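See structure below.
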Amino acid sequence: LLFGVNLAELFDRYSPLVMRRATAILGDEDEAKDVLQDVFLKVFVQERFEERGRTAAWLYRITTTSCLNRIRDSGRRRALRERHLDRTSSVSPEMERVLLVRQILSEIEEREAQAAIYVYVDGMSHREAAEMIGVSKRTIGNLLERFHRAADARLGAKKEVEHG
Amino acid sequence: MDERARELFGGAPAPIAESCVSDLTLDRRVLGELESEEASSVEAHLESCTRCRARAAALSVHPALDPAVRRIVLGRRTRWLRIGAPLALAASLAIAFLIPGSDTRRKGGLSLTVYRERHGEVVRSGSGEIFHPGDRLRFEVDAPRGYLLIMGIDAGGERYACVPLDGRARPVQDDLKKVLLPDAVKLDESLGRERLVLVHCPAPFALGALDVRDHRVITPPDCDTSELVFEKTR
Chain H
38 LLFGVNLAEL
48 FDRYSPLVMR
58 RATAILGDED
68 EAKDVLQDVF
78 LKVFVQERFE
88 ERGRTAAWLY
98 RITTTSCLNR
108 IRDSGRRRAL
118 RERHLDRTSS
128 VSPEMERVLL
138 VRQILSEIEE
148 REAQAAIYVY
158 VDGMSHREAA
168 EMIGVSKRTI
178 GNLLERFHRA
188 ADARLGAKKE
198 VEHG
Chain D
56 MDERARELFG
66 GAPAPIAESC
76 VSDLTLDRRV
86 LGELESEEAS
96 SVEAHLESCT
106 RCRARAAALS
116 VHPALDPAVR
126 RIVLGRRTRW
136 LRIGAPLALA
146 ASLAIAFLIP
156 GSDTRRKGGL
166 SLTVYRERHG
176 EVVRSGSGEI
186 FHPGDRLRFE
196 VDAPRGYLLI
206 MGIDAGGERY
216 ACVPLDGRAR
226 PVQDDLKKVL
236 LPDAVKLDES
246 LGRERLVLVH
256 CPAPFALGAL
266 DVRDHRVITP
276 PDCDTSELVF
286 EKTR
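Going line by line, the protein sequences match chains H and D. The C-terminal residue of the first sequence carries number 201 in the working numbering, and the numbering is unbroken. The C-terminal residue of the second sequence carries number 289 in the working numbering, and the numbering is unbroken.
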């Protein structure tokens with residue numbers, strides 16, 4: 038096609054990438070499916086599609102925002118925890134990790150969370166992450182530093198609880 | 056510090072060289088989005104880097120998506136339709152006297168569907184519906200190969216180019232089947248009955264080649280039209 042975008046084709050081509058990232062960020066497949074829906078709804082109402090060759094980066098951005106919106110919703114966090122409680126009322130170490138990451142991401146600024154996701158989930162360089170967020174490479178360093186401080190505070194608090 | 060954060064996220068492994076690539080680059084590689092120069096430097100890197108080769112292999116395996124999810128996602132359009140249903144019903148009552156016998160949809164394999172967004176909600180809209188200033192429209196078309204233009208005709212009979220905005224019909228090299236055009240237009244403040252006419256011609260043409268006489272759209276020979284009428288109110 039010279040112009041025009043077929044939504045079904047777009048979905049088939051890009052949904053694996055969106056689903057994979059949403060699952061990695063959220064740590065929950067059911068929620069990732071919801072994000073997949075959110076993302077393609079947004080794609081559909083966007084003013085225009087991203088220029089050729091930049092669609093993946095554009096979907097990365099929309100997926101990140103959509104995941105962070107869910108993470109900030111504390112009701113969802115509680116529901117997730119309850120869903121993963123087993124009979125002994127404890128969650129698996131993997132779910133502990135997911136809940137902890139989500140806790141930290143929900144407590145920091147949006148751009149700090151974005152920087153952490155691009156660098157630590159997607160393995161981007163600071164330069165790439167800077168391009169994704171639209172800030173300087175140096176700013177990424179600062180955003181990550183703030184993320185680390187928040188993570189330290191949260192990990193410290195967790196240790197205190199564990200060790201009484 | 057970084058290592059602990061990577062562990063916390065359970066994401067991509069740490070780069071082992073300056074030239075190591077991100078998941079985004081690996082995704083773009085598979086999707087054919089990389090420019091040739093970048094593509095060859097990525098390939099060269101993959102030849103020599105076990106970390107990135109392993110990551111590329113890991114990303115290429117994705118669990119099959121439940122077909123039900125695909126149906127649900129693409130079916131969102133059906134759900135939007137349902138949201139719009141009361142409006143559509145009201146409009147279908149109006150349509151009878153709004154456009155007596157002028158519905159040319161589906162003529163010559165040509166069809167025009169409008170998706171209207173208002174306050175974040177998307178509704179598939181047909182002829183006779185009530186639109187509002189500020190609504191954003193997108194178009195889905197069926198059309199054979201050739202040249203396409205969507206012309207608007209406002210309540211005062213003024214013609215304007217809707218898609219493309221420069222008024223020159225856009226070439227289409229393949230048959231379009233339910234293809235969503237990349238363009239979006241926002242409705243202005245003027246009120247009253249407006250028409251949107253999708254014009255398809257086998258040869259290049261521009262807005263100036265079209266005319267409206269007694270509400271009939273006059274086109275160059277061998278062209279087809281598909282039309283949609285709506286009322287714009289506050």
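Note that the Cβ used here is the ideal one computed from N, Cα and C, for glycine as well. Remember, it's a predicted structure, so these values are computed and weren't measured experimentally.
Limits of the unbroken alpha helix (DSSP H) element including residue i
| i | result |
| --- | --- |
| E146 (chain H) | Premise fails: E146 (chain H) is in no alpha helix (DSSP H) and is neither H nor E. |
| I108 (chain H) | 92–108 |
| S95 (chain D) | 91–103 |
Close-in-space but distant-in-sequence residues of the same chain around residue i (CB under 7 Å, 5 per side omitted)
| i | result |
| --- | --- |
| H185 (chain H) | none |
| I141 (chain H) | A187, A188, R191 |
| R109 (chain H) | S143 |
| V97 (chain D) | V76, T80, R84, L89 |
| E249 (chain D) | G207, I208, D209, A210, F285, K287 |
| I170 (chain H) | R148, Q151, A152 |
| S147 (chain D) | Low local confidence applies: a pLDDT of 33 at S147 (chain D) is under 50, so the model's placement there is unreliable, with the coordinate-based value given in what follows. Here the set comprises G183. |
| L262 (chain D) | L204, M206, R214, A216, G222 |
| A69 (chain H) | M56, A59, T60, L63 |
Cβ neighbours of residue i in the same chain (closer than 6 Å, five flanking residues each side left out)
| i | result |
| --- | --- |
| L181 (chain H) | A152 |
| Y51 (chain H) | L96 |
| V156 (chain H) | A166 |
| T176 (chain H) | none |
| P257 (chain D) | G201, D277 |
| D238 (chain D) | V218 |
| D49 (chain H) | none |
| A143 (chain D) | With a pLDDT of 35 at A143 (chain D), under the threshold of 50, the modelled position of that residue is not reliable, and no figure is offered here. |
Integer-rounded CB distance, given that residue j should sit under 8 Å from residue i
| i | j | result |
| --- | --- | --- |
| T288 (chain D) | I185 (chain D) | 6 Å |
| R191 (chain D) | L204 (chain D) | 20 Å between Cβ atoms; not a contact. |
| D78 (chain D) | L114 (chain D) | 6 Å |
| R271 (chain D) | Q228 (chain D) | In fact, because the Cβ distance is near 30 Å, the residues do not count as touching under 8 Å. |
| L236 (chain D) | R193 (chain D) | 7 Å |
| R107 (chain H) | L63 (chain H) | 7 Å |
| A67 (chain D) | R110 (chain D) | 6 Å |
| A94 (chain H) | L86 (chain D) | About 11 Å; that fails the 8 Å criterion. |
| R134 (chain H) | L63 (chain D) | 7 Å |
| D82 (chain D) | L54 (chain H) | 5 Å |
Residue i: first and last residue of the uninterrupted beta strand (DSSP E) it sits in
| i | result |
| --- | --- |
| P122 (chain D) | It is not in any beta strand (DSSP E) - P122 (chain D) instead sits in the alpha helix (DSSP H) that spans 122–129. |
| H255 (chain D) | 247–256 |
| F194 (chain D) | 191–198 |
| D238 (chain D) | 231–241 |
| L262 (chain D) | Taken as a continuous stretch (DSSP letters only), L262 (chain D) belongs to no beta strand (DSSP E), as it is neither H nor E. |
| D82 (chain D) | Counting along the chain, D82 (chain D) falls outside any beta strand (DSSP E), though it belongs to the alpha helix (DSSP H) covering 78–85. |
| S281 (chain D) | 279–287 |
| R59 (chain D) | Run containing R59 (chain D): none in the beta strand (DSSP E); it sits in the alpha helix (DSSP H), 57–64. |
| V169 (chain D) | 166–173 |
| S74 (chain D) | Here S74 (chain D) belongs to no beta strand (DSSP E), and DSSP marks it neither H nor E. |
| P226 (chain D) | 225–227 |
| G201 (chain D) | 201–208 |
| S180 (chain D) | 176–180 |
| V272 (chain D) | 271–273 |
| V218 (chain D) | 214–218 |
Proximity to residue i [Cα-Cα], best of the options
| i | options | result |
| --- | --- | --- |
| L376 (chain D) | D:D82, D:C75, D:L89, D:V116 | Chain D is shown only over 56 to 289; residue 376 (chain D) falls outside these bounds and no answer can be derived. |
| P70 (chain D) | H:L105, H:V76, H:K174, H:V158 | H:V158 |
| G90 (chain H) | D:A99, D:V218, D:A94, D:L236 | D:A94 |
| D279 (chain D) | D:R268, D:A261, D:V252, D:V267 | D:V252 |
| A61 (chain H) | H:H163, H:R164, H:I154 | H:I154 |
| V124 (chain D) | H:A116, H:L54, H:A94, H:D67 | H:D67 |
| G247 (chain D) | D:V196, D:P259, D:A261, D:H187 | D:H187 |
| E195 (chain D) | D:A216, D:D221, D:L165, D:D82 | D:L165 |
| V128 (chain D) | H:R134, H:G178, H:E46 | H:E46 |
| E172 (chain D) | D:P122, D:L283, D:K241, D:S91 | D:K241 |
| K79 (chain H) | H:S103, H:D65, H:A69 | H:S103 |
| V234 (chain D) | D:S91, D:A198, D:S245, D:D269 | D:A198 |
| A59 (chain H) | H:T100, H:A94, H:D75 | H:T100 |
| A116 (chain H) | H:V55, H:K174, H:R57, H:D65 | H:D65 |
| M56 (chain H) | D:V116, D:E282, D:L220 | D:V116 |
| E58 (chain D) | H:A69, H:L54, H:G160, H:V72 | H:G160 |
| E282 (chain D) | D:R61, D:M56, D:G181, D:R106 | D:G181 |
| E131 (chain H) | D:D269, D:G65, D:H174 | D:G65 |
| R126 (chain D) | H:R98, H:F77, H:L105 | H:F77 |
Same chain only: Cβ atoms within 8 Å of residue i, ignoring 5 sequence neighbours per side
| i | result |
| --- | --- |
| R183 (chain H) | I145, E146, E149 |
| V172 (chain H) | R148, L180 |
| V267 (chain D) | I208, G212, R214, I273 |
| D243 (chain D) | P188 |
| V254 (chain D) | L203, L204, I205, M206, A224, F260, L265, V272, T274, C278, D279, T280 |
| P155 (chain D) | Reliability fails at P155 (chain D), whose pLDDT of 32 lies under 50, so the model's placement of it is uncertain and the value that follows must be treated cautiously. Closer than 8 Å at Cβ, skipping near neighbours: no residue. |
| K174 (chain H) | H163, R164, A167 |
Residue i: CB within 7 Å of a non-hydrogen atom of the ligand GDP
| i | result |
| --- | --- |
| T176 (chain H) | This structure lacks the ligand GDP, and indeed carries no ligand of any kind. |
**Study point:** Unbroken stretches of the alpha helix (DSSP H), 4 residues or longer, contained in the stretch 130–193 of chain H
**Key:** 130–144, 147–153, 163–170
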